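Please read the structure below before turning to the comments.
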Amino acid sequence: MNRERNLPNTLIQKKISLIAKIYREKILKKKIRMNIKRNKKLCFLKSEKFVKENIDNKISISLAKRLAKKVGKFIIPSKSKILFVIRIRGINGVSPRIKKILQLLRLNQINNGVFLKINSSTTQMLKKIEHFIAYGYPKKNTIKSLIRKRGYGKVGKRGSWQRVPLSDEKMIHEGLGEFGISTLEEIINELFTCGPRFKEVNNFLCPFRLKSPKKGYSSVSKNKHFVEGGAYGNWEESINQLIQKMN
10 MNRERNLPNT LIQKKISLIA KIYREKILKK KIRMNIKRNK KLCFLKSEKF VKENIDNKIS
70 ISLAKRLAKK VGKFIIPSKS KILFVIRIRG INGVSPRIKK ILQLLRLNQI NNGVFLKINS
130 STTQMLKKIE HFIAYGYPKK NTIKSLIRKR GYGKVGKRGS WQRVPLSDEK MIHEGLGEFG
190 ISTLEEIINE LFTCGPRFKE VNNFLCPFRL KSPKKGYSSV SKNKHFVEGG AYGNWEESIN
250 QLIQKMN
């Protein structure tokens, strides 16, 4: 004590300042540790909430799909605007009504594929012929691959169409130029976005002639819905894998 009394005021003030600084740093470190701990707990709670919501959402979607299937409908993802439909079986002994719908959709042969705009009319038709088709929501890359590898367009007059490969952009311009579409990329974009000229582009395209998937379809799988391990019905996004096998 006597020694501290004999110290100059400046040294005493420096010592007080140092002690105060050390004390402040201790308090700050403690606050930081508490914040880190609280943030970790908050992050965990948020993650737990996200996982729970994600699981609940998946369960809700699954239940909705099952219910939709029971009442003869199906769930359409919000971003999906088009379907790709593939005929997977023959029509011997079927009703004229089913034959007419397949003909109307230009699915005249097994492994023929076409694009369709999603609306109430097309979904009703698909439910009536569901046992004869596989369909789902194609990605842009899938559309691009299909168009580039197996895309053919129609030129000429009705009744005497010529089937020409889409690699010839002069033919694209001849068939679709009046609608402002002259390139392969414009066709792909119009299909994927279901643009204002989707109908004209789709009518210009010939049905896609796909190859049979490796090992084909067994008679058992053709008689079961996709969700039951079979081949017919709505494949949803999995249609992209099927198209890849058949392209």
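Add 9 to a position in the sequence shown, counting from 1, and you land on the number used in the working numbering.
Ideal Cβ positions, reconstructed from N, Cα and C, are used throughout, including at glycine.
Quick caveat: nothing in here was measured; it's all calculated off a predicted structure.
Using a Cβ-Cβ distance cut-off of 8 Å, the segment 123-133 and the segment 166-180 are not in contact, since fewer than three pairs of beta carbons, one from each stretch, lie closer than that value.
Within the segment 96-155, the complete alpha helix (DSSP H) runs of at least 4 residues fall at 105-113 and 129-137. Residue 96 is a Cβ neighbour of residue 116, given a cutoff of 8 Å. Remark: three or more beta-carbon pairs, one from each stretch, lie closer than 8 Å, so the segment 139-157 and the segment 231-246 are flagged as touching.
As computed with DSSP, residue 92 is found in a beta bridge with 125.
Looking at 223, 230, 218 and 181, the one whose alpha-carbon comes closest to that of residue 210 is 181. Between the alpha carbons of residue 178 and residue 188 lies a gap of roughly 14 Å. For residue 217, the closest of 230, 122 and 110 by C-alpha to C-alpha distance is 122. Under a 10 Å Cβ-count criterion, residue 45 is classified as exposed, with fewer than 16 other Cβ atoms of the shown protein chains found around its own Cβ.
Distances from the CA of residue 221 to each of 90, 199 and 98 were compared; the closest alpha carbon is that of 98.
Assignment of residue 242 by DSSP, reduced to helix, strand and coil, places it in the strand class. Nearest C-alpha to residue 134 among 38, 110 and 32: 110. CA-CA distance, residue 196 to residue 246, rounds to 21 Å. A residue is called buried once 16 or more other Cβ atoms fall within 10 Å of its Cβ, and residue 168, having fewer, is exposed.
Looking at the DSSP output, residue 217 sits in a beta bridge with 122. DSSP assignment within the segment 160-201 yields the following whole alpha helix (DSSP H) runs of 4 residues or more, N-terminal first: 178-185. In terms of Cβ geometry, residue 94 and residue 144 form a close pair [threshold 8 Å]. Straight through space, the alpha carbons of residue 238 and residue 215 are spaced by roughly 31 Å. Where residue 254 is concerned, the enclosing alpha helix (DSSP H) starts and stops at 248-255.
Inclusion of residue 213 and residue 158 in the CB contact set at 8 Å is not warranted, their separation being larger than that value.
Taking C-beta atoms as the reference points, residue 156 and residue 193 count as a pair closer than 8 Å. Pairing residue 146 with residue 36 gives a Cβ-Cβ distance that is not under 8 Å. In summary, residue 165 is exposed, with fewer than 16 beta-carbon neighbours lying within 10 Å of its beta-carbon over all protein chains present. By the C-beta density criterion, residue 43 is exposed, having fewer than 16 other C-beta atoms within 10 angstroms. Looking at the backbone, the Cα of residue 119 and that of residue 219 are separated by about 9 Å.
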